[in-house]
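Asks: Order-wise, the sequence lines are chains A and B. Going by my numbering, the first sequence opens with residue 1, and the numbers climb by one from there. Going by my numbering, the second sequence opens with residue 1001, and the numbers climb by one from there. All C-beta atoms in this analysis are idealised placements derived from N, C-alpha and C, irrespective of residue type, glycine included. The structure that follows is given in the form of C-alpha cells.
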Amino acid sequence: MGWPPDRDGLFSLLAARHTPEVQAGISAGRVAVAGLGGLGSHVATALARCGVGCLKLIDFDEVDESNLHRQCYFPRHVGRPKTSALKEMLQDINPYIEIQTADIRLTARNVPDVLAGWTVIVEALDDAAAKAELVTAALAAFQQARIISASGLAGLGSANDIVTRRAAGRLYVCGDGISEVAEGVSLMAPRVMVCAGHQANLAIRLLLNNQEP
Amino acid sequence: MRLNGQPYETETPRPLAEILREAGFDCERVAVMLNGRIVPRDQLDSARVAADDELEVVSFVGGG
Chain A
1 MGWPPDRDGL FSLLAARHTP EVQAGISAGR VAVAGLGGLG SHVATALARC
51 GVGCLKLIDF DEVDESNLHR QCYFPRHVGR PKTSALKEML QDINPYIEIQ
101 TADIRLTARN VPDVLAGWTV IVEALDDAAA KAELVTAALA AFQQARIISA
151 SGLAGLGSAN DIVTRRAAGR LYVCGDGISE VAEGVSLMAP RVMVCAGHQA
201 NLAIRLLLNN QEP
Chain B
1001 MRLNGQPYET ETPRPLAEIL REAGFDCERV AVMLNGRIVP RDQLDSARVA
1051 ADDELEVVSF VGGG
C-alpha cells in the first residue's frame, strides 16, 4: 500500500501487530512528555510509533549539534525548536495522532496550566532540581495524574541497572537512581534509550490500566 | 517514623526539612511524600513529622 494509508488503514496496521484490543486502548490514550532531549525525544518517538492518540510535547529549547550524539534529531533539525522538529518527525510516522506542543520552560507555577488534564505525564527533564520541582508540582496539582520520572542514566554502567520502580502511588522512577551527569560521565545514547524505553513501556502499560511497574 | 521503608531514629515532632538534611538529602532535588501525600516545595520547612509518620523521599540526579 502507499504511504500514508488512510486513518483506518494505519489503525489496522497497528492493530494487526498489537492486537485490536490493545490498539484501541493505545489509540485512545493521551501522554504529555515534559522535556524533549535524550529521554523525551525517544519516549515520544516510541509512543508515536505505538499510535498513542494524543501527545503533548513540551520543551523551550532548540536542537543543537551537541544533542545529536543521543537525541533522536537529525542534522537538518539543528537550530529549530525541538517541539516543531519532533512534531514533524512524529507526524511523518503517524499523521493521524494529535500532537500538541508548548515551547515553554516548565516551572512549579505553570505546571497547573500546561499539564492540566494530562493523566500520564513523562518527566524527561535534564536538571535534578527541575525534575524535583516538576514532579512535586504535578503530584500536588493533579490528583489523577501519574508521573513517570527518570533519575540516574548517565555513563556506561550496566544497562541492567536501569529499572522502573514505583516510588509512591502515582510516582514512578526509571533509571539507576545514582548515575548523574558529571565531569567525565556523559549521557550516552544506548543507556539513555534504555531508560527512555522504560518510561515509554510504562506509559503504554498505564494507558492499558496496568499500574504495576 | 519510617524513611523510605526503614525505621528512622529521631525525636518527634520535628521539622521535615531538618530530617531531610540530617539524612543527607538536598532539599532542592527531592520529591517528598508524607503519609502518601506530596509535600509542596514551599511546605518542606513548615511541615512537621510525627512519630507514626511514613516518609518517602525520591532524590533526583541530573541527566536526561
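Helix, strand or coil for S1059 of chain B, going by three-state DSSP, please let me know.
Replies: DSSP places S1059 of chain B in strand when its eight states are reduced to three.
Asks: What do you get for E133 of chain A, buried or exposed, if any count of 16 or more other CB atoms within 10 angstroms of its CB means buried?
Replies: Burial call: buried.
Asks: Listed in chain order, which residues of the region 41-64 of chain A have Cβ atoms closer than 7 angstroms to some Cβ of chain B?
Replies: Within the region 41-64 of chain A, no residue qualifies.
Asks: So which of A:S84, A:I93 and A:F74 has the shortest CA-CA distance to L14 of chain A?
Replies: Nearest option by C-alpha distance: A:I93.
Asks: Can you give the beta carbon distance from G152 of chain A to A46 of chain A, rounded, assuming they're within the 8 angstroms contact cut?
Replies: That pair is no contact at about 20 angstroms.
Asks: What's the call for H42 of chain A, buried or exposed, on a 16-neighbour Cβ count within 10 Å?
Replies: Buried is the call here.
Asks: Report buried or exposed for R105 of chain A, applying the criterion of at least 16 other Cβ atoms within 10 angstroms of its Cβ.
Replies: Classification for R105 of chain A: exposed.
Asks: How many whole angstroms separate the CB atoms of Q100 of chain A and K131 of chain A, which I take to be in contact at a CB cut-off of 8 angstroms?
Replies: Not quite, the Cβ-Cβ distance comes to about 22 angstroms (not below 8 angstroms), so this is no contact.
Asks: Hey, is G1024 of chain B close to the ligand MG, as in C-beta under 7 angstroms from one of its heavy atoms?
Replies: For the structure depicted, the ligand MG is absent and the ligand set is empty, with no information on it obtainable.
Asks: How many angstroms separate the CA atom of E1056 of chain B from the CA atom of E180 of chain A?
Replies: When rounded, the distance between both Cα atoms is 21 angstroms.
Asks: Does the separation of the CB atoms of A141 of chain A and P112 of chain A fall below 8 angstroms?
Replies: For A141 of chain A and P112 of chain A, yes; Cβs fall inside 8 angstroms.
Asks: Using 8 angstroms as the threshold, is the C-beta distance between A182 of chain A and M1033 of chain B below it?
Replies: For A182 of chain A and M1033 of chain B, no; Cβs fall outside 8 angstroms.
Asks: Using a Cβ-Cβ cut-off of 8 angstroms, state whether V31 of chain A counts as contacting chain B.
Replies: So, not an interface residue.
Asks: With burial defined as no fewer than 16 other Cβ atoms inside 10 Å of the residue's Cβ, what is the status of H69 of chain A: buried or exposed?
Replies: Answer is exposed; the Cβ neighbour count stays below 16.
Asks: Taking only beta-carbon atoms, is I1019 of chain B less than 8 angstroms away from chain A?
Replies: No, I1019 of chain B lies away from the interface with chain A (no Cβ there is under 8 angstroms from its Cβ).
Asks: Which residues does DSSP list as the beta-bridge partners of V122 of chain A?
Replies: DSSP, once it has assigned bridges, lists A:V33 and A:I148 as partnering V122 of chain A.
Asks: Run through chain B and tell me which residues come within less than 7 angstroms of S151 of chain A, C-beta to C-beta.
Replies: The contacting residues are F1060 and V1061.
Asks: For T45 of chain A, list the residues DSSP reports as bridge partners.
Replies: DSSP output for T45 of chain A lists no bridge partner at all.
Asks: Starting from R1041 of chain B, trace the alpha helix (DSSP H) in both directions and tell me its first and last residue.
Replies: That residue, R1041 of chain B, is in no alpha helix (DSSP H); it is neither H nor E in DSSP.
Asks: Check whether the Cβ atoms of L171 of chain A and I204 of chain A sit closer than 8 angstroms, and answer yes or no.
Replies: No, the Cβ-Cβ distance between L171 of chain A and I204 of chain A is not below 8 angstroms.
Asks: State yes or no: is the beta carbon of A1031 of chain B nearer than 8 angstroms to at least one beta carbon in chain A?
Replies: At least one chain A Cβ lies under 8 angstroms of A1031 of chain B.
Asks: With Q211 of chain A as the anchor, note down where its alpha helix (DSSP H) starts and where it stops.
Replies: No alpha helix (DSSP H) holds Q211 of chain A; DSSP gives it neither H nor E.
Asks: So if I threshold CB-CB distances at 7 angstroms, which residues from the region 114-143 of chain A count as touching chain B?
Replies: Listed in sequence order: A124, L125, D126, D127, A128, A129, K131, A132, E133, V135, T136, L139 and A140.
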